[in-house]
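Accompanying notes for the structure given below.
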Amino acid sequence: MAYLINCPHCGPRTTDEFYIKGDASKQRPAAIGDGTMDAWHDYVHIRDNVRGRMAEHWHHTGGCRQWLVVERDTVSHEIYAVTPANTWKATSRKGSSTPARKTPARKTPARKTPARKTGGRAKT
Amino acid sequence: MSSFRFDTGGLIDRSSVIDFSFDGKMLQGHGGDTLASALLANGQLLMARSFKYHRPRSVITAGAAEPNALMEIGEGGRLEPNTRATMQELYDGLVAKSQNRWPTLDRDFGAINSIASSLFVAGFYYKTFMWPKKFWEAIYEPIIRRAAGLGHLSHEDDPDRYEKAYAHCDVLVVGSGPTGLMAALSAARSGASVILADEHAACGGSLLREREEIAGQPGHEWAAETLAELAAMKNVRLMARTTVIGAYDQSVFGALERVQKHVAVPDHDVPVEKLWRIMARSCVMATGAEERPIVFGGNDRPGVMTASAMRAYANQYAVAAGRSACVFTASDSGYRTARDMKAHGVHVEAIIDARSDAPAIETGGVPVITGAVVTNVDGGKHGMKGIEIDRGSGHETIPCQSLAMSGGWSPVVHLACHQGARPSWDEDEYCFMPPQDNPAIIPAGSANAIWSLGKCLADGAARGEQAARLAGFKTTKTPVPKARDDTSHTSAPVWWVKQSTGKQFVDYQNDVTAKDLPLAAREGYDHIELAKRYTTSGMATDQGKLGNVNAIGILADATGKDMHEIGTTTFRPFYTPVSFGALGGQHVGEHFAPVRMSPLHNWAADLGAEFVETGLWYRSSWFPREGDDWLAAMTREVLNTRAHVGICDVSTLGKIDIKGSDATEFINRLYSNAFAKLPVGKARYGLMLREDGFVGDDGTTSRLSDTHYFMTTTTGHAAETMRDIEFAHQALWPELDVQYASVTDQWAQMAIAGPKARDVLGAIVDTNLSNEAFGFLAAKQVKVLGSVPAMLFRISFSGELAYELAVPAGYGEAVANAIMHAGEPYGIGPYGLEALSAMRVEKGFVTHNEINGRVTAGDVGMGRMLSKKKDYIGRMMSERDGLNDPEREQLVGVKPLNPANRFRAGSHLVNPGDKASLKTDQGYVSSVAYSPMLDSWIGLAMLKHGRERHGERIMLWDGLRDVHMEAEVCDPVFFDPAQEKAHG
Chain U
1 MAYLINCPHC GPRTTDEFYI KGDASKQRPA AIGDGTMDAW HDYVHIRDNV RGRMAEHWHH
61 TGGCRQWLVV ERDTVSHEIY AVTPANTWKA TSRKGSSTPA RKTPARKTPA RKTPARKTGG
121 RAKT
Chain X
1 MSSFRFDTGG LIDRSSVIDF SFDGKMLQGH GGDTLASALL ANGQLLMARS FKYHRPRSVI
61 TAGAAEPNAL MEIGEGGRLE PNTRATMQEL YDGLVAKSQN RWPTLDRDFG AINSIASSLF
121 VAGFYYKTFM WPKKFWEAIY EPIIRRAAGL GHLSHEDDPD RYEKAYAHCD VLVVGSGPTG
181 LMAALSAARS GASVILADEH AACGGSLLRE REEIAGQPGH EWAAETLAEL AAMKNVRLMA
241 RTTVIGAYDQ SVFGALERVQ KHVAVPDHDV PVEKLWRIMA RSCVMATGAE ERPIVFGGND
301 RPGVMTASAM RAYANQYAVA AGRSACVFTA SDSGYRTARD MKAHGVHVEA IIDARSDAPA
361 IETGGVPVIT GAVVTNVDGG KHGMKGIEID RGSGHETIPC QSLAMSGGWS PVVHLACHQG
421 ARPSWDEDEY CFMPPQDNPA IIPAGSANAI WSLGKCLADG AARGEQAARL AGFKTTKTPV
481 PKARDDTSHT SAPVWWVKQS TGKQFVDYQN DVTAKDLPLA AREGYDHIEL AKRYTTSGMA
541 TDQGKLGNVN AIGILADATG KDMHEIGTTT FRPFYTPVSF GALGGQHVGE HFAPVRMSPL
601 HNWAADLGAE FVETGLWYRS SWFPREGDDW LAAMTREVLN TRAHVGICDV STLGKIDIKG
661 SDATEFINRL YSNAFAKLPV GKARYGLMLR EDGFVGDDGT TSRLSDTHYF MTTTTGHAAE
721 TMRDIEFAHQ ALWPELDVQY ASVTDQWAQM AIAGPKARDV LGAIVDTNLS NEAFGFLAAK
781 QVKVLGSVPA MLFRISFSGE LAYELAVPAG YGEAVANAIM HAGEPYGIGP YGLEALSAMR
841 VEKGFVTHNE INGRVTAGDV GMGRMLSKKK DYIGRMMSER DGLNDPEREQ LVGVKPLNPA
901 NRFRAGSHLV NPGDKASLKT DQGYVSSVAY SPMLDSWIGL AMLKHGRERH GERIMLWDGL
961 RDVHMEAEVC DPVFFDPAQE KAHG
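What follows is the structure, given as structure tokens:
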């Protein structure tokens, strides 16, 4: 896992300072009105084991104590974005028509094996 | 023994004499020696016994990859097993002991294994010790563990300090050989901040071990000058004795610095080891290359070592394993060894070159036998007598006391592979090349298969500039000093001399022989990862630094695949072993976890409190008088509180201050019960669910104004509840106008409970405490002692007329003392957590013993607190059928028929006459207390259909302690069920 998280409030901080809750793509259904038990079952219990890009709720417990959405790659460990949870939700709601959870996990290409002959080494 | 010290030469300080001991023998060495070189200088060629066959062993290398010369260093709590003698600096008073031998290194009983060695092939344990099954743990494993062992632990506390530290730099250079020095120099000249780390005590890498010239001066002198130049630069940090042990995401590196592993008695103000996290922008991996042994008969005999190790011992330490030597080589390295040893006066009998097309190389007059191989070594624990060679026309022998071997070189690629990338086989250089996946880790010099000194210097300079540019610096071309620039000749490596007659080792440390690998392949374990585990090749503490490539070569040969198809096993941190001490750092003993102390801690301590750990808190548990035990003290405290008045520290409760125009709405969504209409000046008990519908936490929340609330949580869940509240606002309902802050540590809070509580508090609080003015569940901001701002709540966890008073933490002690003073005429006494718990069990109040994450509001009799009129956390899932099943266990009280019979929480409930089993299980006891009011042990329990079963008999079954008793099921409220006292 990535070691440094670029907290939008505090700057780059070590992962030790954070608590990870998990998948941020699910949205809490209403409990009264149109919320169904199926929707709630999905929200509370069902989680994809994502290979590739995913968005997660992280809490900067040892820093600003803000909930963040960390978008990261579970394979390459690349971090794409770190956004405060309140604004991330807002953009995904009104932003694209497909919220983050609908985006299929990005296929990460297998690690490139360097060509056998060159090994990528500079010839001196 | 044949090993000895030259009269002159080496980079050791002959004027400093260092006393040390090996297996009780007093020996001497010099400053600059390693333990290994000092042992060789003393003629102590025999250093160890091998893992499985107990073969006599000496050093094979002069560095970090050493598989043989592992020793116990130090005594008592400082004893460290499995230390590589090649890496251990010599110091005055060093105590070293050999390992894995009995009774002595010289006469080792275990060597009998060697005779029966045909039994101990790969997979031997799996095939042999299978039956009967129960024999494994009882008989086989203990015997095998004793026979095949590494060093011992002393089982004493380590008296030394360890530390963790952080460092930041633009460019990290790993390795201070010619490449690393040039890389550090060129990067530093660009202005980049540079850390240069080297695992050895002395920086300079191969320049200390080889006879080389740079810019017309000896290599080690050039290295010293360059190091001095680097040391003078403000932006350079030199870290000797520091092994970079792992490369992690985002150019974060782990490093182990051995700060005081070279002194007998470390300075206690300084750690002995430091575990570093180095945050770098880029890294030059100038880790060098490891010379490969050749797999031939007797290649483990004392006196046999890699060609570069033999040169290192001669050039740096002025020692040799024997007065005469032979060289067995498949690369040019062997020739350099022949020349260097001859220059030191060692008689070099012959160079045996496996290549029939060996290039003509300067030998210094040593005869060369091309197209020949070594098939066996005549030698044992007292040293070598000679070698047996085969030049295609039968075996012949050459007498000699030592043998240098060189099967070619393997770049040290570990750091480039730690994030999962694999090295690739290079057909031209006959080695695995470092992967280039991570642009921030730049392999340089021989770590990238550049073999000549001149080219390494140039490559180092170029890579250092590249790394600096990557870190955002402008670079200029660094002039490269002149040095040897010959072309390296390598040819197809010889993995295994199959016509060998003696035992041929691939993995020295785990005693894996060449025959084990084809056997593994024949038995189906032909994948390199499987073959590794089946044969244990590469699984020892050296992780196969020497043997792995040979193992891959032999497996490729056996399976008819090429090297690329076989590939390597996975490279994982750490590069070399790291002590648990370093990993634990300063987090040992009292520093293992932080200690939280209430603002009233000293107040309680002054009154003689005994403390108990609850989470990180130390809570006052009981206040003994004249040798009371906890039960007597608790009983006295309860009786006094119920009859007169008591004071208890409840500061550890979680406290959250909540404000905002939407604070009411927010709190209403957090609690399952209604809060929207809580009047100002009132407190209310609230129940919080988790989103899955189970009870999460409880507490009271008071409304101090229209937009200001004060919430309390349980002690244990305070942090979690705070985090959940932050989540609810920030992630779920950011549109609400609400602010919140944890103020747990800002307030000292005390409970004043008992019939006289009103009288006591009245003396110090500036408000009317009458039932009419400040009734049950009233809450108010008040002043105490005339001026101290405080919050007063009429809430009761004891069932008594009770108040909780919160004052700013700094006033806590003074206010508590004032209450004690005011309460003196009324007989006030402090009570602790034990009394608090006993009183709450008497009252049937739940804690996390009951709301343990598996119970619903209905289970604990609070089903009516689930509002049907609003959305709140957990609302929907609490309506699931399973959570409302009438078969669920329900909260009840239990009272043993004999009140003196103590039982324990965790006991199970079984119907009388039933045999205890999962099937007959009726529930469990969650809390137990001795009730001074009932003069009986009582408990709270979760029981199937519990609420309908008051008055029934039940068995309390404690299988763990074998304590079983009959009890009566009753209402969970044992005392004052009408709540008359609390409302009084």
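Residue numbers (the working numbering), protein chains in the order written: chain U, 1 to 124; chain X, 1 to 984.
No residue lacks a Cβ here, since even glycine has one placed at the ideal position from N, Cα and C.
These figures come from a predicted structure and were not determined experimentally.
Within 10 Å of its beta-carbon, does F328/X have 16 or more other beta-carbons around it, so buried, or fewer, so exposed?
By 1-based counting over the second sequence, the position of residue 328/X is 328. By the 10 Å Cβ count, F328/X comes out buried.
Could you have a look at T712/X and say whether DSSP puts it in helix, strand or coil?
One-based indexing of the second sequence puts residue 712/X at position 712. It is a strand residue.
Considering only the alpha carbon of each residue, which of A122/X, I647/X and S2/X lies closest to R522/X?
As a first step, residue 522/X must be located in the second sequence, where it is residue number 522. For R522/X, the nearest C-alpha among the options comes from A122/X.
Contact set for D976/X: own chain, Cβ-Cβ below 8 Å, skip 5 residues either direction
For this step, residue 976/X is matched to residue 976 along the second sequence. Once the five neighbours on either side are set aside, the close Cβ partners of D976/X are G799, K843 and A982.
For D106/X, count the other beta carbons within 10 Å of its own beta carbon; 16 or more makes it buried, fewer makes it exposed. Which is it?
The sequence position of residue 106/X within the second sequence is 106, counting from 1. That one is exposed.
Which same chain residues, not among the five before or five after K97/X, have their C-beta less than 7 Å away from its C-beta?
Position 97 of the second sequence, counted from the start, is the residue given in the question as residue 97/X. Excluding sequence neighbours, K97/X sits near D23, M71 and E72.
Kindly confirm or deny that the region 452-468 of chain X and the region 175-185 of chain X touch, where touching means at least three C-beta pairs closer than 8 Å.
yes
For Y19/U, return the contacting residues in chain X, with the cut-off set at a CB-CB distance below 8 Å.
As a first step, residue 19/U must be located in the first sequence, where it is residue number 19. The contacting residues are R723.
Would a C-beta distance cut-off of 8 Å place L208/X and A202/X closer than the cut-off?
Mapped onto the second sequence, residue 208/X falls at position 208. Mapped onto the second sequence, residue 202/X falls at position 202. In this structure, A202/X lies closer than 8 Å to L208/X by Cβ.
Chain-ordered residues of the region 724-752 of chain X with a beta carbon less than 7 Å from chain U:
E726, F727, Q730, A731, L732 and P734
State yes or no: is the beta carbon of M877/X nearer than 8 Å to at least one beta carbon in chain U?
Along the second sequence, read from residue 1 onward, the residue named residue 877/X stands at position 877. It does: the Cβ of M877/X has a partner Cβ on chain U nearer than 8 Å.
Is K252/X close to chain U? Criterion is C-beta to C-beta, closer than 8 Å.
On the second sequence, position 252 is the one that residue 252/X refers to. For the record, residue 252/X in the displayed sequence is Val; it is not Lys. Yes, contact with chain U.
For R949/X, which residues of its own chain have a beta-carbon under 6 Å away from its beta-carbon, when the five flanking residues on both sides are left out?
Indexing the second sequence from 1 puts residue 949/X at position 949. The answer, listed in chain order, is V969.
So L40/X and Y313/X are in contact, right, with Cβ under 8 Å, and what is the actual spacing, rounded?
By 1-based counting over the second sequence, the position of residue 40/X is 40. By 1-based counting over the second sequence, the position of residue 313/X is 313. So it is a contact: roughly 6 Å between Cβ atoms.
For N901/X, three-class secondary structure by DSSP:
For the purposes of this step, residue 901/X is identified with residue 901 of the second sequence, where counting begins at 1. Looking at N901/X - three-state DSSP - the assignment turns out to be coil, as it is neither helix nor strand.
Length of the line joining the Cα atoms of H527/X and G553/X:
Start at 1 with the first residue of the second sequence, and residue 527/X comes out as number 527. Start at 1 with the first residue of the second sequence, and residue 553/X comes out as number 553. When rounded, the distance between both Cα atoms is 13 Å.
What did DSSP end up calling T287/X once you bin it into helix, strand or coil?
Numbered from its first residue, the second sequence carries residue 287/X at position 287. In this structure, T287/X counts as coil in the three-state DSSP scheme.
From the DSSP secondary-structure annotation, give me the bridge partner or partners of C326/X.
The sequence position of residue 326/X within the second sequence is 326, counting from 1. C326/X pairs with A350/X and L403/X.
State the beta-bridge partners of I278/X as determined by DSSP.
On the second sequence, residue 278/X is found 278 positions in, with the first residue counted as 1. Bridge partners of I278/X: A167/X and F253/X.
Does the distance from the C-beta atom of M405/X to that of N299/X stay below 8 Å?
Numbered from 1 along the second sequence, position 405 holds the residue referred to as residue 405/X. Numbered from 1 along the second sequence, position 299 holds the residue referred to as residue 299/X. Taking 8 Å as the Cβ cut-off, M405/X and N299/X qualify as a contacting pair.
DSSP-derived helix/strand/coil call for N235/X
For the purposes of this step, residue 235/X is identified with residue 235 of the second sequence, where counting begins at 1. Three-state DSSP puts N235/X in coil, outside helix and strand.
Would you say G407/X and I294/X are within 8 Å of each other, going by their C-beta atoms?
For this step, residue 407/X is matched to residue 407 along the second sequence. For this step, residue 294/X is matched to residue 294 along the second sequence. Cβ distance < 8 Å, so G407/X and I294/X count as in contact.
Does any residue of chain U bring its CB to less than 8 Å from the CB of E691/X?
Position 691 of the second sequence, counting from 1, holds the residue named residue 691/X. E691/X counts as touching chain U.
From R840/X, S58/X, A36/X and D332/X, residue whose alpha carbon lies closest to that of Q509/X
Within the second sequence, residue 509/X is the residue found at index 509, counting from 1. Of the candidates R840/X, S58/X, A36/X and D332/X, the one whose C-alpha sits nearest the C-alpha of Q509/X is S58/X.
Which chain X residues sit within Cβ distance under 8 Å of V44/U?
Within the first sequence, the letter at position 44 stands for residue 44/U. Simply E691, D692 and M877.
Could you compute how far the alpha carbon of R840/X sits from the alpha carbon of M862/X?
The count along the second sequence starts at 1 and reaches residue 840/X at position 840. The count along the second sequence starts at 1 and reaches residue 862/X at position 862. R840/X and M862/X: Cα-Cα distance of roughly 16 Å.
What's the gap between the Cα of P99/U and the Cα of R258/X?
Working through the first sequence from its first residue, we reach residue 99/U at position 99. Working through the second sequence from its first residue, we reach residue 258/X at position 258. Here the model assigns P99/U a pLDDT of 39, short of 50, so the residue's position is not dependable, and the following value carries that caveat. Each residue's Cα considered, the two are about 51 Å apart.
Beta carbon proximity, D48/U to chain X, threshold 8 Å:
If you number the first sequence from 1, residue 48/U lands on position 48. Cβ-Cβ to chain X under 8 Å: no for D48/U.
Give the C-beta separation of M285/X and P443/X to the nearest angstrom, bearing in mind that I take them to be a contact with Cβ-Cβ under 8 Å.
The count along the second sequence starts at 1 and reaches residue 285/X at position 285. The count along the second sequence starts at 1 and reaches residue 443/X at position 443. Indeed they touch by this definition, with Cβ atoms about 5 Å apart.
R854/X, buried or exposed, once every other Cβ within 10 Å from all chains shown has been counted against 16:
Numbered from its first residue, the second sequence carries residue 854/X at position 854. Exposed is the call here.
Tell me the DSSP secondary structure of K532/X in three-state form.
Position 532 of the second sequence, counting from 1, holds the residue named residue 532/X. Reduced to three states, the DSSP call for K532/X is helix.
Between which residues of its own chain and S50/X is the CB-CB distance below 6 Å, once the five residues before and five after are set aside?
Taking the first residue of the second sequence as 1, we reach residue 50/X at position 50. Around S50/X: R57 and D511.
Name the two residues that bound the continuous beta strand (DSSP E) containing G581/X.
Mapped onto the second sequence, residue 581/X falls at position 581. Per DSSP, G581/X belongs to no beta strand (DSSP E); it is in the alpha helix (DSSP H), F580 to G584.
First and last residue of the beta strand (DSSP E) that includes S621/X?
For the purposes of this step, residue 621/X is taken as residue 621 along the second sequence, with counting starting at 1. Here the beta strand (DSSP E) through S621/X covers W617 to W622.
Would the beta-carbon of T641/X fall within 8 Å of that of A835/X?
Within the second sequence, numbered from 1, the residue matching residue 641/X stands at position 641. Within the second sequence, numbered from 1, the residue matching residue 835/X stands at position 835. Yes, these two residues count as a Cβ contact at 8 Å.
Is the Cβ-Cβ distance between L4/U and Q250/X less than 8 Å?
The sequence position of residue 4/U within the first sequence is 4, counting from 1. The sequence position of residue 250/X within the second sequence is 250, counting from 1. The answer is yes: Cβ separation under 8 Å.
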